[in-house]
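Novice: Here this note's numbering runs 795 ahead of the position in the sequence shown, where the first position is 1.
If you scroll down you'll find the structure; I have some questions about it.
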Amino acid sequence: MGAVDNTILPTAADIEAAAGRLAGVAVRTPLINAPVLDEAIDARAFLKAETLQRTGSFKFRGAYNKISSIPQDRRGAGVVAYSSGNHAQGVAAAAKLVGVPAVIVMPSDAPRPKRERTAALGAEVVLYDRDREDRAAIARDIAAKRGAVLVPPFDDPMVIAGQGTAGREIIEDLAALGLKPDVVVV
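Right, dumping it as structure tokens:
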């Protein structure tokens, strides 16, 4: 594994393992050809419909991969995350499916529907002032006090590997069409 900014990057094997954990849990979202876009850019373009994913975002993939990988003896204390919305909902949904408590640190000015959906998924929402407080520090403090596992929105190899399964599906779906991508834009 390589390292960037002290983050250990996942390997292809890590993404394969994540795909195994996510099988039957995450939605295998379709890859859709966009003829209007094809014409505009004079190339074939495909869109990965991750809005159809649980919670409407690829963020569920990384959250579930991380949370489902927590050893049984560490699950009782739960998980803590910080996010303005998509990762918050992904962690809340994944924690509910795995059966662990979740605390999500969200800015007080996050969109109300995202705060409400996160709480409706069973997470405890802790609000903070983004102008005066550090969300990562608040989350680390809560995790330390509770003995919980921190589930960051990025810079975590398990989160990255889970989210990388979307790319794996893109390659597989294009291969089924006899195509190889020239460029993948995320």
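Here a beta-carbon is modelled for each residue, glycine too, at the ideal position from N, C-alpha and C.
Leaving out five residues on either side along the sequence, give the residues of the same chain with a beta carbon under 6 Å from the beta carbon of residue 857.
Specialist: Once the five neighbours on either side are set aside, the close Cβ partners of residue 857 are 954, 957, 958.
Novice: Check the C-beta distance from residue 886 over to residue 937 and give it rounded, since I have them as a contact under 8 Å.
Specialist: Not really, about 13 Å apart at Cβ, beyond 8 Å.
Novice: Count the other CB atoms within 10 Å of the CB of residue 832; is the residue buried (16 or more) or exposed (fewer)?
Specialist: Burial call: exposed.
Novice: Answer with buried or exposed for residue 869, where buried requires no fewer than 16 other C-beta atoms within 10 angstroms of its C-beta.
Specialist: Per the 10 Å Cβ criterion, exposed.
Novice: Find the nearest neighbour of residue 875 within the set 910, 935, 809, 925, judged by alpha-carbon distance.
Specialist: Out of 910, 935, 809, 925, 935 has the C-alpha closest to the C-alpha of residue 875.
Novice: If you draw a straight line from the alpha carbon of residue 815 to that of residue 970, how long is it in whole angstroms?
Specialist: Spanning the two alpha carbons is a distance of roughly 20 Å.
Novice: Taking the continuous beta strand (DSSP E) assigned at residue 902, which residues delimit it?
Specialist: Where residue 902 is concerned, the enclosing beta strand (DSSP E) stretches over 897–902.
Novice: Any idea if residue 825 is buried or exposed, counting beta-carbon neighbours within 10 angstroms, 16 or more meaning buried?
Specialist: Looking at its Cβ environment, which holds fewer than 16 other Cβ atoms inside 10 Å, residue 825 is exposed.
Novice: Whole angstroms are fine: how far does the CA of residue 867 sit from the CA of residue 884?
Specialist: Cα to Cα, the separation comes out at about 22 Å.
Novice: Going by beta carbon distance, what residues of the same chain come within less than 8 Å of residue 925, once the five residues before and after it are set aside?
Specialist: For residue 925, where only same-chain residues beyond five positions count, the Cβ hits under 8 Å are 902, 903, 904.
Novice: List the DSSP bridge partners of residue 842.
Specialist: Answer is 827.
Novice: With DSSP as the reference, label residue 922 as helix, strand or coil.
Specialist: Looking at residue 922 - three-state DSSP - the assignment turns out to be strand.
Novice: Under the three-state reduction of DSSP, which class applies to residue 954: helix, strand or coil?
Specialist: If DSSP states are grouped into helix, strand and coil, residue 954 belongs with the helices.
Novice: Cβ atoms of residue 930 and residue 900: under 7 Å apart, would you say?
Specialist: Yes. Within cutoff.
Novice: Just the C-alpha distance for residue 854 and residue 923, rounded to the nearest angstrom, thanks.
Specialist: Approximately 21 Å, taken between the alpha carbons.
Novice: Kindly list the residues whose CB is nearer than 6 Å to the CB of residue 828, restricted to its own chain and excluding five residues on each side of it in sequence; keep chain order.
Specialist: Only 841 meet the Cβ criterion.
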